[in-house]
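Student: Below are the structure tokens for one structure; questions will follow.
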Amino acid sequence: MKAMRRLPVGTVPASFEGKGRAPAYADTWLELAGAAVAPGGPSIRLWDFQVGTEGSGADASAVAGPAAVIGHGDGPGLPLPADMPEKWCGLVGAMLALAETWRGADGGAPEYDASAADIMRAFALQNSGTPEERRRLWKRNGRICVEHGLIFPMGFFACRDGHVALLGRSRRDWRRIATALGEPEWARRPGFDNPFALARDSAEADALLEETLADKARDDLLARGLEVGAVIAPVYSYGEALERGVFRPGFEEPAMPFLAEPTGRGSAADHRKRGGRAGPLEGLVCIELCWIWSGPMVGQLLADLGAEVVKVESLDRFDLYRTRGLEHLRGQMDEHVRLESSLYFHSLNRNKTGLSLNLKSDEGRTRLLELVSRADLLIENFTVGTMDRMGLGREVLARANPGLVSLSMSGPGKGSAVERLRSYGLVLSALAGAEILIRDDAGAFIGSPTFSISDPNAACFGSLAALAALVARDRDGQGRALDLSQIEAAAALAATPAAGPVLPMTAAVVELDESDASPVFADCPGWIEAQHPVTGKELLVASPWRVNGHRAPFRKPAPMLDRGGER
40 MKAMRRLPVG TVPASFEGKG RAPAYADTWL ELAGAAVAPG GPSIRLWDFQ VGTEGSGADA
100 SAVAGPAAVI GHGDGPGLPL PADMPEKWCG LVGAMLALAE TWRGADGGAP EYDASAADIM
160 RAFALQNSGT PEERRRLWKR NGRICVEHGL IFPMGFFACR DGHVALLGRS RRDWRRIATA
220 LGEPEWARRP GFDNPFALAR DSAEADALLE ETLADKARDD LLARGLEVGA VIAPVYSYGE
280 ALERGVFRPG FEEPAMPFLA EPTGRGSAAD HRKRGGRAGP LEGLVCIELC WIWSGPMVGQ
340 LLADLGAEVV KVESLDRFDL YRTRGLEHLR GQMDEHVRLE SSLYFHSLNR NKTGLSLNLK
400 SDEGRTRLLE LVSRADLLIE NFTVGTMDRM GLGREVLARA NPGLVSLSMS GPGKGSAVER
460 LRSYGLVLSA LAGAEILIRD DAGAFIGSPT FSISDPNAAC FGSLAALAAL VARDRDGQGR
520 ALDLSQIEAA AALAATPAAG PVLPMTAAVV ELDESDASPV FADCPGWIEA QHPVTGKELL
580 VASPWRVNGH RAPFRKPAPM LDRGGER
């Protein structure tokens, strides 16, 4: 199985520059993916702190958002551990090198800069909402998000033998959690059935929840959650997850978080021009069947690099991020307007084209397969087995296009012992052994309930995997199906050995809502100006890298649902 975690990428010309640890991590990620790194290619400068300023990833945590929300409400901010910031910077550098390798030798000489501070601030801004939400909610609050992220529950709770992550994004989610806990009497009291109201005033519910969990073990809670479809996951160490089969074979030590299988030969892009003004991936065609954060962010990263990304939705199964931040306004504003007004959705889906297809219908599937026949890449982040149930399994896709690279990004990955898990970011990083590393100054577990580790991390690994497979296809003509586990992605981030000793956080913590005014970000703002047909002028979260000193440009607004043309 270890061989399925590497691809025949061949030589990747990469000139990673920088005095910190990020360049070494860029080499590590490429080598784990199967590439042989050689001198050459465009300049890619990687900065552990910020562009033009030496420093550590711990200091990047201080200024970019993580330390503003990791820690106790009355205590100091804490940095991310295990060189996570530097590793992310290396991931972005590796992704840029693969994009330029796909473009080829005629791409000119762009100069890239990527910094841990820019990257983590982009992650934080993407998940923090409006300026008012950042001021109110982006604060340290121990193991639980401030106001539970607006829907109860969201955070880490003590149980008999450790901690579990609990997360609800709807009334149904909260009902399922209550069912998994044995229907405690208090959960049936008037007022305790409304997770939106509980989030605003949760002190009593928080205490009752931990009281209920006190006699329950992590493994039992996981089993019960899987049985009833509740979003519950233990906070495991890497070793505990490995023992329980959470990771699939071949992950006995950190490796790439995907399994790759060949599907056929061919290349849709053989006769297309590669690269252009839009970026090194101009000419690449990607079909996106994704929702929420991790999958759409892969599409966003590729689109910002110039790829043509076609986002496919259905009117009865649209991307739920269309209502992110606007859940409480259902019934209070025009529903068509609400579905086109989320800044979260607009940032993650800019520079894409949209298409409405009912994939449950023969006509919709036929139309999708017509698109697949001309595409290079298809990405989806459904639960395991969904594509097969829709009649769109890897064999069907391969018949439509033998050279297609497909990337599946379920939370656990096919073959995990927790394959049936309902997946949100917090539970994935908990299972992976990433959250357990985040502890206060006294050594007590605290985790990172507000700054999301899993979703943007999975997007970076997913982008690297897709690009590595596309470069490998150039070498051997082979289409491939990649099955990526977001749990394994978080484990790769946390457990890949650090490149040096732990470095202290010496920079002062900057609150996220004040970071626009910080001199650290003064020379290149983390926003791009955009225009949307419904919301008008707006600022969207910019790409986490710079090319020739500038962010990737805004080219088109997030696609609107086509209410008249669905097939």
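All you need for this note's numbering is the position in the sequence shown, starting with 1, plus 39. We put the CB at the ideal spot given by N, CA and C, even for glycine. A quick note: this is a predicted structure, and the numbers were derived from the prediction, not measured.
1. Would you report the Cα separation of A72 and A456, rounded to the nearest angstrom?
2. Should the segment 525-543 be called in touch with the segment 282-298, which here means at least 3 C-beta pairs below 8 Å?
3. Quick check on M40: buried or exposed, where buried means 16 or more other Cβ atoms within 10 Å of its Cβ?
4. Going by C-alpha to C-alpha distance, which of P81, A508, R84, T535 sits closest to L298?
5. Terminal residues of the continuous alpha helix (DSSP H) containing Y277?
6. Do we get a CB-CB distance below 9 Å when we pair A148 with the residues of chain C?
7. Please report the Cβ distance between G194 and L205, rounded to the nearest whole angstrom; I am assuming they are in contact, meaning their Cβ atoms lie under 8 Å.
8. Could you give the DSSP three-state label for L344: helix, strand or coil?
9. How about C329 and D358: are their beta carbons less than 9 Å apart?
10. Which residue's Cα is closest to the Cα of S82: Y151, M43, D200, T92?
11. According to DSSP, simplified to helix, strand and coil, what is F357?
12. For P62, tell me which candidate among L467, I567, F88 has the shortest Cα-Cα distance.
13. When burial is assigned at 16 or more other CB atoms within 10 Å of the CB, is S462 buried or exposed?
14. Within 10 angstroms of its Cβ, does E419 collect 16 or more other Cβ (buried), or is it exposed?
15. Rounded to a whole number of angstroms, what is the C-alpha to C-alpha distance between D601 and L408?
16. Is R263 helix, strand or coil when you go by DSSP?
17. Please go through the same chain and pick out, in chain order, the residues whose beta-carbon is closer than 8 Å to the beta-carbon of E70, but skip the five residues on each side of it.
18. Between L506 and L137, which are expected to be in contact by the criterion C-beta below 8 Å, what is the C-beta distance as a whole number of angstroms?
19. Where do the ends of the alpha helix (DSSP H) carrying C128 lie?
20. Please return the same chain residues whose Cβ sits closer than 7 Å to the Cβ of W68, not counting the five positions on each side in sequence.
21. Leaving aside the five residues before and after A520 along the sequence, list all residues of the same chain whose C-beta is less than 6 Å from its C-beta, in chain order.
22. For T545, which option in Q165, G94, A244, G221 has the closest C-alpha, if you only look at C-alpha atoms?
23. Please say whether G454 and S333 have beta carbons closer to each other than 9 Å?
24. So what does DSSP say about T218, is it helix, strand or coil?
25. For F195, does the three-state DSSP call read helix, strand or coil?
26. Report the three-state DSSP secondary structure of H17 (helix, strand or coil).
27. State yes or no: is the C-beta of R142 within less than 9 Å of the C-beta of L320?
28. According to the neighbour-count rule (16 or more other Cβ atoms, all chains shown, within 10 Å of its Cβ), is G147 buried or exposed?
29. Under a Cβ-count criterion, where at least 16 other Cβ atoms within 10 Å of its own Cβ denotes burial, should R84 be classed as buried or exposed?
30. Taking buried to mean at least 16 other C-beta atoms within 10 Å of its own C-beta, is G168 buried or exposed?
31. Ignore the nearest five residues each way along the sequence and tell me which others in R606's own chain have a CB closer than 6 Å to its CB.
32. Measure the alpha-carbon distance for L523 versus G501 and round it to whole angstroms.
33. In chain order, what are the residue ranges of uninterrupted alpha helix (DSSP H) at least 4 long that sit wholly in the segment 61-116?
34. Which of the three DSSP states is assigned to A414 in this structure?
35. When DSSP builds the beta bridges, which residues end up paired with W584?
36. Near I109, which residues of its chain fall below 6 Å by C-beta distance, leaving aside the five closest residues on each side in sequence?
Tutor: Quick look at the numbers:
1. For this step, residue 72 is matched to residue 33 along the sequence shown. For this step, residue 456 is matched to residue 417 along the sequence shown. Computed Cα separation, rounded: 24 Å.
2. yes
3. If you number the sequence shown from 1, residue 40 lands on position 1. Under this definition M40 is an exposed residue.
4. Taking the first residue of the sequence shown as 1, we reach residue 298 at position 259. The shortest Cα separation from L298 among P81, A508, R84, T535 belongs to A508.
5. In the sequence shown, counting from the first residue as 1, residue 277 sits at position 238. Element bounds for Y277: 277-282.
6. Note that chain C does not occur in the displayed structure, where there is just one protein chain.
7. Counted from its first residue, the sequence shown places residue 194 at position 155. Counted from its first residue, the sequence shown places residue 205 at position 166. About 7 Å; that satisfies the 8 Å criterion.
8. Your numbering for residue 344 matches position 305 in the sequence shown. If DSSP states are grouped into helix, strand and coil, L344 belongs with coil.
9. The residue you call residue 329 lines up with position 290 of the sequence shown. The residue you call residue 358 lines up with position 319 of the sequence shown. Result yes, Cβ atoms of C329 and D358 sit closer than 9 Å.
10. Here residue 82 refers to the residue found at position 43 when the sequence shown is read from its first residue. Closest by alpha carbon: Y151.
11. As a first step, residue 357 must be located in the sequence shown, where it is residue number 318. It is coil, neither helix nor strand.
12. For the purposes of this step, residue 62 is taken as the residue at position 23 of the sequence shown. F88 is the residue among L467, I567, F88 whose C-alpha sits nearest the C-alpha of P62.
13. Taking the first residue of the sequence shown as 1, we reach residue 462 at position 423. Looking at its Cβ environment, which holds 16 or more other Cβ atoms inside 10 Å, S462 is buried.
14. Residue numbering aside, residue 419 sits at position 380 when the sequence shown is read from its first letter. So E419 counts as buried.
15. Against the sequence shown, residue 601 aligns to sequence position 562. Against the sequence shown, residue 408 aligns to sequence position 369. If you take the alpha carbons of D601 and L408, they lie about 19 Å apart.
16. Taking the first residue of the sequence shown as position 1, residue 263 is located at position 224. Residue state, collapsed to three classes: helix.
17. Here the question's residue 70 lines up with position 31 in the sequence shown. Within the same chain, E70 has close Cβ partners V76.
18. Counting from one through the sequence shown, the residue named residue 506 turns up at place 467. Counting from one through the sequence shown, the residue named residue 137 turns up at place 98. Contact holds; Cβ gap of about 4 Å.
19. One-based indexing of the sequence shown puts residue 128 at position 89. Counting along the chain, the alpha helix (DSSP H) containing C128 begins and ends at 123-142.
20. Numbered from its first residue, the sequence shown carries residue 68 at position 29. If we look at W68 and ignore the five residues flanking it on each side, its Cβ neighbours are G129, L130, A133, L503.
21. Mapped onto the sequence shown, residue 520 falls at position 481. The answer, listed in chain order, is E300, T302, R433, S445.
22. Mapped onto the sequence shown, residue 545 falls at position 506. Of the candidates Q165, G94, A244, G221, the residue whose Cα lies closest to the Cα of T545 is G94.
23. On the sequence shown, position 294 is the one that residue 333 refers to. On the sequence shown, position 415 is the one that residue 454 refers to. Against a cut-off of 9 Å, the Cβ pair of G454 and S333 comes out as no contact.
24. Position 179 of the sequence shown, counted from the first residue, corresponds to residue 218. Three-state DSSP puts T218 in a helix.
25. What you label residue 195 is simply residue 156 of the sequence shown in a count that begins at 1. The answer is strand: DSSP assigns F195 an E or B state.
26. With the chain running from 40 to 606 in the structure shown, residue 17 is simply not present.
27. Here the question's residue 142 lines up with position 103 in the sequence shown. Here the question's residue 320 lines up with position 281 in the sequence shown. A contact, by the Cβ cut-off of 9 Å.
28. By one-based count along the sequence shown, residue 147 stands at place 108. Burial call: exposed.
29. Residue mapping note: residue 84 aligns to position 45 of the sequence shown, counting from 1. In the assembly as shown, R84 is a buried residue. Its beta-carbon has 16 or more other beta-carbons within 10 Å.
30. The residue given as residue 168 occupies position 129 in the sequence shown. Looking at its Cβ environment, which holds 16 or more other Cβ atoms inside 10 Å, G168 is buried.
31. Locating residue 606 in the sequence shown gives position 567, counting from the first residue. Residue placement at R606 is flagged as unreliable, the pLDDT there being 48, under the threshold of 50; a coordinate-derived value is accordingly withheld.
32. Locating residue 523 in the sequence shown gives position 484, counting from the first residue. Locating residue 501 in the sequence shown gives position 462, counting from the first residue. Using only the alpha carbons, I get a separation of about 7 Å.
33. 61-72, 96-103, 105-108
34. The sequence position of residue 414 within the sequence shown is 375, counting from 1. Here A414 sits in coil by DSSP.
35. Here residue 584 is taken as the residue at index 545 of the sequence shown, counted from 1. DSSP lists A153 as partners of W584.
36. Walking along the sequence shown from the start, residue 109 turns up at place 70. Hits under 6 Å: L117, S487.
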